[in-house]
Amino acid sequence: MISEQEFLNKINKAIKDNSITLPTLPEVALRIRDAVEKEDSRAREIADMIATDPALSARLLQVANSPLYRGRKTIDSIQMAVTRLGNNLIRNLIISLAMKQIFQATSDTMDTQLHANWEQSVQVAAISRALSKQVPHLQPEQAMLAGLIHNIGSLPVLVMAENYPELIEDGIKLRKMVESISPHIGETILKTWGFPDSMSKIPLHCQNLKYDGGPTADYVDLVIIAKLQALPADHYLSQADWSHIPSFTKIGLEPEIEVINIDGVAEEVDEVRGMFLS
Numbered sequence: 683m684i685s686e687q688e689f690l691n692k693i694n695k696a697i698k699d700n701s702i703t704l705p706t707l708p709e710v711a712l713r714i715r716d717a718v719e720k721e722d723s724r725a726r727e728i729a730d731m732i733a734t735d736p737a738l739s740a741r742l743l744q745v746a747n748s749p750l751y752r753g754r755k756t757i758d759s760i761q762m763a764v765t766r767l768g769n770n771l772i773r774n775l776i777i778s779l780a781m782k783q784i785f786q787a788t789s790d791t792m793d794t795q796l797h798a799n800w801e802q803s804v805q806v807a808a809i810s811r812a813l814s815k816q817v818p819h820l821q822p823e824q825a826m827l828a829g830l831i832h833n834i835g836s837l838p839v840l841v842m843a844e845n846y847p848e849l850i851e852d853g854i855k856l857r858k859m860v861e862s863i864s865p866h867i868g869e870t871i872l873k874t875w876g877f878p879d880s881m882s883k884i885p886l887h888c889q890n891l892k893y894d895g896g897p898t899a900d901y902v903d904l905v906i907i908a909k910l911q912a913l914p915a916d917h918y919l920s921q922a923d924w925s926h927i928p929s930f931t932k933i934g935l936e937p938e939i940e941v942i943n944i945d946g947v948a949e950e951v952d953e954v955r956g957m958f959l960s
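When you read off a place in the sequence shown, starting at 1, and then add 682, the result is the number in the working numbering.
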């Protein structure tokens, strides 16, 4: 069985040699992000960019008319969606919706692994979005995106693992390697994508229950709690003492409270899951 260090060395060498490709955001998502950051882009320009990807356009309209975002009138065009929701929200939604494409399996071997990975990321994203309502200075769509990208570093690890059948067959060993190796790779991917530090540091720190990024809550804190809340009841961390985890204090949430039982959260989580898993 290949050791963790040997596996990490092989991944790093593969990345350096360009023999393994790091995941990339779809071109349309990058163009929209860049346009929004210029701050002088008009709704029509953003809408025209989105329209170049029919599948993404259809998904955006579906999401814009979901209970999470819809107003009194049905949104029946991309330009109307951009005008109604605003450039910044649209940017985060487009990047979030584009993430699903990145988790598509290239082989039957990885299909189960990537599907489980994506479903877990969606659950963390949904809970992170709901938790953000407790923290006024954090944005719900940014929180949702934080949950979706928190485990992005696992993708190259899983791709590389396909070359080692003994790893694929040993689910426990593979999961441990993914948890150990993927945080640093995730940070590298998000920095390559041009994400700000507030987001690119999420993969690196979201497994650290002692994380303390300062006096106020940040997106890492949301993801840490969301990950814990998304754990199955028989997971060893579900039985651990959460009372000393700084993230709970900063968000103002008692550790024993299940987020899903807070008024309206279960419905919101279901809506977000529907956005990404349907």
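Backbone N, C-alpha and C fix where the C-beta goes; we use that ideal spot for every residue, glycine too.
Small disclaimer: the values here were computed from a predicted structure and weren't measured.
Three-way DSSP call (helix, strand, coil) for residue i in this model
i	result
Met-683	coil
Leu-886	helix
Lys-782	helix
Lys-909	helix
Val-817	coil
Tyr-893	coil
Asn-833	coil
Tyr-846	coil
His-926	coil
Arg-857	helix
Glu-727	helix
Asn-700	coil
Asp-900	coil
Glu-719	helix
Asn-774	helix
Arg-766	helix
Phe-689	helix
Ala-807	helix
Trp-800	helix
Environment of residue i [buried if 16+ CB atoms lie within 10 Å]
i	result
Met-683	exposed
Gly-835	buried
Tyr-901	buried
Thr-734	exposed
Glu-688	exposed
Lys-720	exposed
Gly-829	buried
His-917	exposed
Arg-811	buried
Gln-786	exposed
Ser-701	exposed
Arg-857	exposed
Asn-845	exposed
Lys-755	exposed
Lys-909	buried
Ile-907	buried
Ala-807	buried
Ser-789	exposed
Ser-929	buried
Inter-residue CB distance, residue i and residue j (contact presumed, cutoff 8 Å)
i	j	result
Pro-937	Ser-920	That pair is no contact at about 12 Å.
Ala-912	Gln-805	5 Å
Gly-753	Arg-773	Contact doesn't hold; Cβ gap of about 20 Å is too wide.
Leu-704	Ile-871	5 Å
Ser-723	Ala-717	4 Å
Ser-880	Glu-869	So it is not a contact: roughly 12 Å between Cβ atoms.
Asp-894	Ile-933	Going by Cβ atoms, the distance from Asp-894 to Ile-933 rounds to 13 Å, so no, they are not a contact pair.
Ile-714	Ile-776	5 Å
Leu-886	Ile-927	Rounded, the Cβ-Cβ distance is 17 Å, inconsistent with contact.
Val-941	Ile-850	Incorrect: roughly 33 Å between the Cβ atoms, too far for contact.
Ile-884	Ile-831	7 Å
Leu-837	Ile-784	7 Å
Proximity of residue i and residue j at Cβ, strictly below 7 Å
i	j	result
Glu-953	Pro-822	no
Val-951	Ala-899	no
Glu-709	Ser-862	no
Ser-864	Val-839	yes
Ala-780	Ala-843	no
Val-961	Cys-888	Because the chain here runs from 683 to 960, residue 961 falls outside it and cannot be looked at.
Ala-725	Ala-746	no
Lys-782	Phe-958	yes
Met-731	Ser-778	no
Asn-833	Ser-814	no
Trp-875	Leu-707	yes
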